[in-house]
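> Before I ask anything, here is the structure I am working with.
Protein chains in written order, with this note's numbering: chain H, 1 to 455; chain U, 456 to 780.
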């Protein structure tokens with residue numbers, strides 16, 4: 001089957017970030033003095049376990065970023081027509097999860113729907129009973145075998161996962177020892193994660209592990225798809241924040257005078273508007289613009305995607321002020337240092353001083369602030385989507401999942417699994433990001449006052 | 456003091472003008488009133504007459520900045536900018552889409568917002584500072600470690616979870632208080648207690664950790680060693696010396712939000728059905744009522760700037776070294 005690769009706007013930006021990231025890693029690896037703080041991060045068990053979890057999230061997100069449109073079955077005239085549906089490699093990998101939709105809600109690992117329906121049995125009587133699911137536990141002949149089957153599948157999956165985990169652990173052990181990475185923590189978490197993944201994969205083959213939502217979509221699939229949205233909000237936003245804050249902040253601090261006044265004025269105005277309101281106003285206006293130009297988009301996905309990119313843009317424009325202020329303050333301090341004055345005395349041009357002498361010395365602030373902001377942005381997405389100014393309603397994200405599930409809390413019995421999965425996945429992502437960010441801050445912040453620890 | 460205030464306010468004015476111009480650009484230049492009319496009336500099949508009528512009803516049928524058709528001072532005053540944006544400086548916010556006076560709505564809805572936001576703020580402050588002091592007292596022990604871990608965990612949980620979980624547990628499962636609603640006067644207690652508790656719980660992680668960092672920064676300083684050297688107990692050092700000296704960073708973060716308490720919280724108010732300014736804003740966003748959103752943006756920045764001025768004044772109260780001059 002042939003296909004046509006699709007590069008949505010957010011995909012391009014993700015690849016750009018990936019390229020910049022790889023370039024940074026390559027650059028840092030060559031310079032010993034830049035490696036030192038990273039070695040400190042690498043020796044921190046919490047940081048490395050968080051990084052392991054984060055990289056799994058990133059892996060899912062990246063697989064979900066490779067988009068394509070599949071070719072429809074050949075028509076007679078030989079012309080290839082592509083499906084209007086934009087799929088990703090991740091969608092392809094988990095095709096059963098995506099396509100095996102039920103009629104409506106079903107609980108995690110259930111074999112029947114959540115509500116009773118009228119069913120006509122063989123003898124023509126109308127019965128009220130819980131209808132069997134189309135896919136969840138479809139292989140069972142008797143519903144009573146469910147628990148045993150779940151146990152068996154879970155156990156075999158977990159054992160397979162354990163075996164795979166042990167293989168990975170044995171394979172990477174020597175490598176870890178050589179690099180002095182926290183071996184025990186990393187190996188233990190690898191085992192736990194692979195057991196979890198093994199059990200989930202084996203169960204997901206026959207059941208809806210986290211249940212289904214209102215239109216019968218698998219909640220596990222929705223949760224995994226939400227990861228990409230969260231990651232994009234957390235990373236693409238920095239593409240906007242970073243250049244604005246870095247150039248304006250450093251310029252304000254270095255040139256002072258009217259440049260400083262203008263830049264300070266701009267960021268004071270922006271930061272004096274409560275951010276939710278500014279975001280809401282900007283998103284409302286963006287909606288009007290998008291609705292006015294339906295011709296911009298070829299597919300539904302590209303429309304939702306452009307909205308997401310715009311949301312990142314708006315979040316970026318509203319959130320660069322804090323970092324800018326920090327950088328301005330630091331530059332004010334640096335420009336009085338002797339080595340800068342020496343450079344000025346030698347007649348080095350201001351631009352060169354900024355690039356060579358000031359920017360490298362504020363980079364730790366930039367890095368700390370970026371990793372610290374990431375988790376906040378992931379959380380903000382859910383809130384904004386609830387307020388109605390977040391991602392497109394057709395886009396799968398933690399916010400839209402929570403928003404859809406929130407209304408069902410009043411039902412009896414409760415529909416809790418959508419909410420629980422969205423919050424659970426979000427917690428895992430944000431907690432890992434927070435712990436990693438803390439370790440990065442501890443390793444990079446030279447001002448960190450540790451006198452009390454020595455007591 | 457008066458002279459200082461006048462100077463501060465004269466600094467604040469250009470910022471408000473900037474906010475005003477920014478919101479004006481956002482609401483009227485990015486999309487023309489024509490686009491907004493189309494959006495409100497349905498995108499397809501809308502006649503030019505209907506658009507003209509909508510614009511006239513809302514007062515959007517004027518030029519943006521300069522009305523060349525008018526004479527004299529009307530050249531400037533008979534424009535959208537003057538009537539819709541510049542008028543906000545005298546707190547005249549115009550009318551919402553359903554024809555109500557926005558200024559009056561703000562005046563009545565402010566109190567429910569405040570009845571939740573103020574207790575949340577005050578009790579929250581006490582809780583966070585006490586928790587942070589406790590962690591500082593037991594610094595570098597397992598107890599401190601557990602406290603910090605708890606904080607990191609709590610701040611990783613989505614704010615929506617606290618609200619949904621709290622509503623479910625307290626109202627639906629235990630039937631202690633109504634799920635949502637509001638009443639005036641003393642009856643409102645049973646309605647506001649849960650939002651207040653949830654509001655406090657929602658930011659206990661981030662806030663306590665922040666205060667702990669401030670206290671730890673202070674505790675490494677020389678005057679603390681001096682205080683210990685002269686034989687003061689650790690508790691006394693913490694409460695009379697460290698707490699007092701940490702006031703400046705605490706005030707920097709705290710005083711600025713006090714005026715913003717009037718605006719209430721978007722999430723809490725909409726989940727609990729509190730008829731405050733937060734739910735007003737959310738309803739306006741969902742109904743795409745641009746006049747209300749514009750008014751709220753301006754009001755928010757006005758209150759924020761008031762907060763900044765209050766912060767500076769509060770410094771003089773806690774630190775005699777700071778003088779307003």
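Beta carbons are placed, not taken as given, at the ideal position from N, Cα and C, and that holds for glycine.
All of these numbers come straight from a predicted model, not from anything done at the bench.
Whose CA, out of 382(H), 130(H), 9(H), lies closest to the CA of residue 304(H)?
As a working note, residue 304(H) is residue 304 in the first chain. Considering only alpha carbons, the answer is 9(H).
> Determine, for residue 456(H), whether the minimum Cβ-Cβ distance to residues of chain U falls below 7 Å.
The structure shown does not extend to residue 456(H), since chain H is modelled only from 1 to 455, so the question has no answer here.
> Check the Cβ-Cβ distances between residue 291(H) and every residue of chain U, and say whether any is below 7 Å.
Against the first chain, residue 291(H) aligns to sequence position 291. So, interface residue.
> To the nearest angstrom, how far is the alpha carbon of residue 452(H) from that of residue 679(U)?
Mapped onto the first chain, residue 452(H) falls at position 452. Mapped onto the second chain, residue 679(U) falls at position 224. Here residue 452(H) scores only 39 on pLDDT, less than 50, and its place in the model is too uncertain to base an answer on.
> Please determine if the region 209-229 of chain H and the region 345-357 of chain H are in contact, where contact requires at least 3 C-beta pairs separated by less than 8 Å.
no
> Assuming the contact rule is C-beta atoms closer than 8 Å, residue 197(H) and residue 171(H) should be a hit. Round their C-beta distance to whole Å, please.
On the first chain, position 197 is the one that residue 197(H) refers to. On the first chain, position 171 is the one that residue 171(H) refers to. With 8 Å as the limit, residue 197(H) and residue 171(H) do not qualify as a contact, their Cβ atoms being about 17 Å apart.
> Which chain U residues sit within Cβ distance under 9 Å of residue 402(H)?
Position 402 of the first chain, counted from the first residue, corresponds to residue 402(H). Within 9 Å Cβ-Cβ: 613, 615, 616, 619.
> Step through the CB atoms of chain H and report whether any lies within less than 7 Å of the CB of residue 764(U).
Here the question's residue 764(U) lines up with position 309 in the second chain. So no, residue 764(U) is outside the interface.
> For residue 371(H), go through chain U and note every residue whose CB falls closer than 9 Å to its CB, in chain order.
Here residue 371(H) is taken as the residue at index 371 of the first chain, counted from 1. Here the premise fails: no neighbours, minimum Cβ distance about 14 Å.
> Does the beta carbon of residue 434(H) sit closer than 7 Å to a beta carbon anywhere in chain U?
Reading the first chain from its first residue, position 434 is the one you call residue 434(H). Against chain U, the CB of residue 434(H) has a partner CB under 7 Å away; the residue lies at that interface.
> Leaving out the 5 sequence neighbours to the left and right, which residues in its chain are closer than 7 Å to residue 449(H) when beta-carbon positions are compared?
Stepping through the first chain from its first residue, residue 449(H) is reached at position 449. Unreliable positioning characterises residue 449(H) in this predicted model, as indicated by a pLDDT of 44, which lies under 50. The coordinate reading is nonetheless provided below. Counting only Cβ-Cβ distances below 7 Å, and skipping sequence neighbours, we find nothing.
> Can you tell me the Cα-Cα spacing of residue 534(U) and residue 525(U), whole angstroms?
To locate residue 534(U), count along the second chain from 1; it is residue 79. To locate residue 525(U), count along the second chain from 1; it is residue 70. Taking the straight line joining both Cα atoms gives about 10 Å.
> Taking the alpha carbon of residue 239(H) as the point to measure from, which residue in 389(H), 5(H), 320(H), 26(H) has its own alpha carbon closest?
One-based indexing of the first chain puts residue 239(H) at position 239. For residue 239(H), the closest C-alpha among the options 389(H), 5(H), 320(H), 26(H) is that of 320(H).
> Tell me which residues share the same chain as residue 154(H) and place their Cβ nearer than 8 Å to its Cβ, disregarding the 5 neighbours each side in the sequence.
By 1-based counting over the first chain, the position of residue 154(H) is 154. Counting only Cβ-Cβ distances below 8 Å, and skipping sequence neighbours, we find 199, 202, 203.
> Any beta-carbon of chain H closer than 7 Å to the one on residue 490(U)?
Stepping through the second chain from its first residue, residue 490(U) is reached at position 35. Yes, residue 490(U) counts as interfacial toward chain H.
> Please check if any C-beta of chain U sits within less than 7 Å of the C-beta of residue 268(H).
The residue labelled residue 268(H) in the question sits at position 268 within the first chain. At least one chain U Cβ lies under 7 Å of residue 268(H).
> Smallest Cα separation from residue 283(H): which of 735(U), 743(U), 738(U)?
Taking the first residue of the first chain as 1, we reach residue 283(H) at position 283. Ranking 735(U), 743(U), 738(U) by Cα distance to residue 283(H) puts 743(U) first.
> Over what stretch of residues does the beta strand (DSSP E) that includes residue 34(H) continue unbroken?
Sequence index remark: in the first chain, residue 34(H) carries index 34 (1-based). Careful: residue 34(H) lies outside any beta strand (DSSP E), inside the alpha helix (DSSP H) at 32-42.
> From this set, 528(U), 485(U), 655(U), which residue's C-alpha is nearest residue 575(U)'s C-alpha?
Position 120 of the second chain, counting from 1, holds the residue named residue 575(U). When only C-alpha atoms are compared, the closest one is 655(U).
> Assuming residue 66(H) and residue 88(H) make a contact with CB atoms under 8 Å, what is their CB distance in whole Å?
Taking the first chain and counting its residues from 1, the one referred to as residue 66(H) is at position 66. Taking the first chain and counting its residues from 1, the one referred to as residue 88(H) is at position 88. Indeed, because the Cβ distance is near 6 Å, the residues count as touching under 8 Å.
> Starting from residue 503(U), follow the alpha helix (DSSP H) in both directions and report where the run begins and ends.
As a working note, residue 503(U) is residue 48 in the second chain. It spans 503-513 - the alpha helix (DSSP H) in which residue 503(U) sits, taken as one unbroken run.
> Suppose contacts are defined by Cβ-Cβ distances below 7 Å. Is residue 118(H) in contact with residue 756(U) by that definition?
In the first chain, the residue the question calls residue 118(H) occupies position 118. In the second chain, the residue the question calls residue 756(U) occupies position 301. No, the pair does not count as a contact, with Cβ atoms beyond the cut-off.
> If you compare alpha carbons, which of 493(U), 750(U), 774(U) is closest to residue 549(U)?
For the purposes of this step, residue 549(U) is taken as residue 94 along the second chain, with counting starting at 1. If we check each option's Cα against that of residue 549(U), 750(U) comes out closest.
> In chain order, what residues of the same chain lie with their CB nearer than 6 Å to the CB of residue 46(H), ignoring the 5 residues before and after it?
Mapped onto the first chain, residue 46(H) falls at position 46. Hits under 6 Å: 435.
> Looking only at its own chain, which residues have a Cβ that is under 6 Å from the Cβ of residue 16(H), when we skip the five neighbours before and after it?
In the first chain, the residue the question calls residue 16(H) occupies position 16. Cβ neighbours of residue 16(H) beyond the five flanking positions: none.
> Between the Cα of residue 110(H) and the Cα atoms of 189(H), 313(H), 312(H), 210(H), which residue gives the shortest distance?
Taking the first chain and counting its residues from 1, the one referred to as residue 110(H) is at position 110. The shortest Cα separation from residue 110(H) among 189(H), 313(H), 312(H), 210(H) belongs to 210(H).
> Need the endpoints of the beta strand (DSSP E) that residue 68(H) sits in, please.
As a first step, residue 68(H) must be located in the first chain, where it is residue number 68. Start and end: 67-70.
> Helix, strand or coil: which one does DSSP assign to residue 489(U)?
Position 34 of the second chain holds residue 489(U). Helix at residue 489(U).
> Go ahead and label residue 674(U) buried or exposed: buried means 16 or more other beta carbons lie within 10 angstroms of its beta carbon, across all protein chains shown.
Your numbering for residue 674(U) matches position 219 in the second chain. Residue 674(U) should be labelled buried.
> Note down, in chain order, each residue of its chain lying with its Cβ closer than 8 Å to the Cβ of residue 605(U), except the 5 sequence neighbours on either side.
What you label residue 605(U) is simply residue 150 of the second chain in a count that begins at 1. Residues 660 of the same chain have their beta carbon placed closer than 8 Å to that of residue 605(U), with the five preceding and five following residues left out of the count.
> Residues in the region 693-706 of chain U with C-beta within 8 Å of chain H's C-beta atoms, listed in sequence order?
none
> Do the CB positions of residue 601(U) and residue 670(U) come within less than 7 Å of each other?
Against the second chain, residue 601(U) aligns to sequence position 146. Against the second chain, residue 670(U) aligns to sequence position 215. Result no, Cβ atoms of residue 601(U) and residue 670(U) do not sit closer than 7 Å.
> So who's on the other strand from residue 5(H), going by DSSP bridges?
Residue 5(H) sits at position 5 when you count from the first residue of the first chain. According to DSSP, which records beta bridges pairwise, residue 5(H) is partnered with 68(H).
> Check each candidate in 177(H), 41(H), 392(H), 370(H) and name the one with the smallest Cα separation from residue 301(H).
Against the first chain, residue 301(H) aligns to sequence position 301. Answer by Cα proximity: 392(H).
> Between the alpha carbons of residue 106(H) and residue 121(H), how many angstroms are there, rounded?
Residue mapping note: residue 106(H) aligns to position 106 of the first chain, counting from 1. Residue mapping note: residue 121(H) aligns to position 121 of the first chain, counting from 1. Cα-Cα distance, rounded: 22 Å.
> Is it the case that the Cβ atoms of residue 381(H) and residue 410(H) are separated by a distance below 7 Å?
Counted from its first residue, the first chain places residue 381(H) at position 381. Counted from its first residue, the first chain places residue 410(H) at position 410. Not a contact, by the Cβ cut-off of 7 Å.
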